[in-house]
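One structure below.
Numbering (our numbering), first residue to last: 23 to 421.
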């Protein structure tokens, strides 16, 4: 077992994580032990204790806009199916036939109905069983009792979330005050125009942690966004500005970075005008970023927004999807593609720099000498998220 732990039960002994749960600034506070990023047993417990009990972010509703549109995906090993019904309602189901469990659909597309490729059981877009060849000969068989297994799905601002726990609170409670804090951006009006998928050899938590700290920026991004030091990183004394997480209700860790102009472009590139709807709000002079727990990452700028869909696939495998969105009015400009290319350049370049380092971190954590390191004071956001993760993996909040 890792880190001197003798058995699987020891992985979940709260005493092992005392230092990891100390607040930032406390003597001896550390990050997570390496096995939290490498252990198959720990990962399987995350699936059960975190992902199966949380609201999971699946991106924009524009992926399934029309009746019959479907999206089949796996989240942490759970096959899911998102369907737009003939009534316009968006629904989620287990992507598994009620007969022998075969996956029903792959990828994305449009269909008039669903036919199981194994034995021909047929389902409607509302998940109801419409046909089961020969089953009328089986005593007591009732089609009404064998529709697809539903999964809770709710939308917010044009974003899709699913929850596999029927006892969990609703999405509004999970989000807390985010509707108020992020309302001025009017996410319903945002149009996704950029989507890039990455298959990574890393633990999903490393991706989340990297997104929420700027300690690495002068080193990882020296050739890109840090080619000219910026004020929020302390260009005079090398100290980081206070970007502590904002308090408030909900399962989120968010922060606001005040600055002039947009941070979604490389220095010198022309972009779109600020959104008029932000006039008079602090959002017109800064960036609002954060994580809707457990792993939905977003960054809202004065002229656009982008987010990350994170799909855990194992202790050292993660699929990450970066999506960029613009206000509908911007996408209707005749020069949209030309101007948007400047944003795409920045997003792709910075993401590439991050991903190379993230995979390097994973390799280092898998070595025999890796151990939990100390916590820098500007890592308060990722430390808050680590404590949230541990609360769900162990015995509830501490301190």
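Note that the Cβ used here is the ideal one computed from N, Cα and C, for glycine as well.
Using a Cβ distance threshold of 9 angstroms, residue 326 and residue 209 do not count as a contacting pair.
About 7 angstroms separates the Cβ atoms of residue 331 and residue 80, confirming a contact at the 8 angstroms cut-off.
The three-state reading of DSSP puts residue 58 in helix, counting H, G and I together. Restricted to the segment 302-359, the beta strand (DSSP E) segments that are unbroken, complete and at least 3 residues in length are 308-314, 318-322, 327-336 and 339-349, listed in chain order.
Each of 45, 102 and 84 was checked against the Cα of residue 397, and the nearest Cα belongs to 45. Taken in chain order, the whole alpha helix (DSSP H) runs of length 4 or more contained in the segment 177-204 are 193-197 and 200-204.
Burial state of residue 132 is exposed, judged by a 10 Å Cβ sphere holding fewer than 16 other Cβ atoms. Counting along the chain, residue 217 sits inside the beta strand (DSSP E) bounded by residues 212-222.
Close CB contacts of residue 323 within its chain, under the 7 angstroms cut and outside five residues either way in sequence, are with 284, 285, 286 and 309 (chain order). In the three-state reduction of the DSSP assignment, residue 241 falls in the helix class, which pools H, G and I. Beta-carbon to beta-carbon, residue 177 and residue 93 are separated by about 13 angstroms, too far to satisfy the 8 angstroms threshold. Under DSSP, residue 276 takes part in a beta bridge, and its partners are 312. Closest in C-alpha terms to residue 141, from the list 384, 130 and 153, comes 153.
Scanning its chain for C-beta atoms nearer than 7 angstroms, with the 5 sequence neighbours on each side dropped, one finds around residue 403 the residues 234, 235, 267, 275 and 277, in chain order. Here the segment 196-207 does not lie against the segment 350-360, with fewer than 3 beta-carbon pairs under 8 angstroms apart. DSSP lists 396 as the beta-bridge partner residues of residue 52. Selection 214, 282 and 107 evaluated against residue 304 yields 282 as nearest (Cα-Cα).
Apart from the 5 residues on each side of it in sequence, residue 409 sits with its Cβ closer than 7 angstroms to the Cβ of 43 in its chain, given in chain order. The beta carbon of residue 220 sits closer than 8 angstroms to the beta carbons of 341, 342, 343, 344, 373 and 377 from its chain, once the five residues preceding and following it are set aside; these are given in chain order.
Residue pairing from DSSP places residue 172 in a beta bridge opposite 115. Between residue 145 and residue 400, the C-beta spacing is not below 9 angstroms. Three or more beta-carbon pairs drawn from the segment 387-397 and the segment 52-65 are found closer than 8 angstroms, and the two stretches are therefore classed as touching. Nearest to residue 230 by C-alpha distance, out of 381, 193 and 214, is 381. The C-alpha of residue 63 lies about 11 angstroms from the C-alpha of residue 70. A distance below 9 angstroms separates the beta carbons of residue 349 and residue 211. The closest CA to that of residue 180, considering only 364, 336 and 329, is found on 329.
Cβ contact annotation for residue 194 (same chain, cutoff 6 angstroms, sequence separation greater than five): none. A Cβ-Cβ separation of about 6 angstroms places residue 270 in contact with residue 198 under the 8 angstroms criterion. Annotation for residue 409: the continuous alpha helix (DSSP H) segment containing it runs 402-415.
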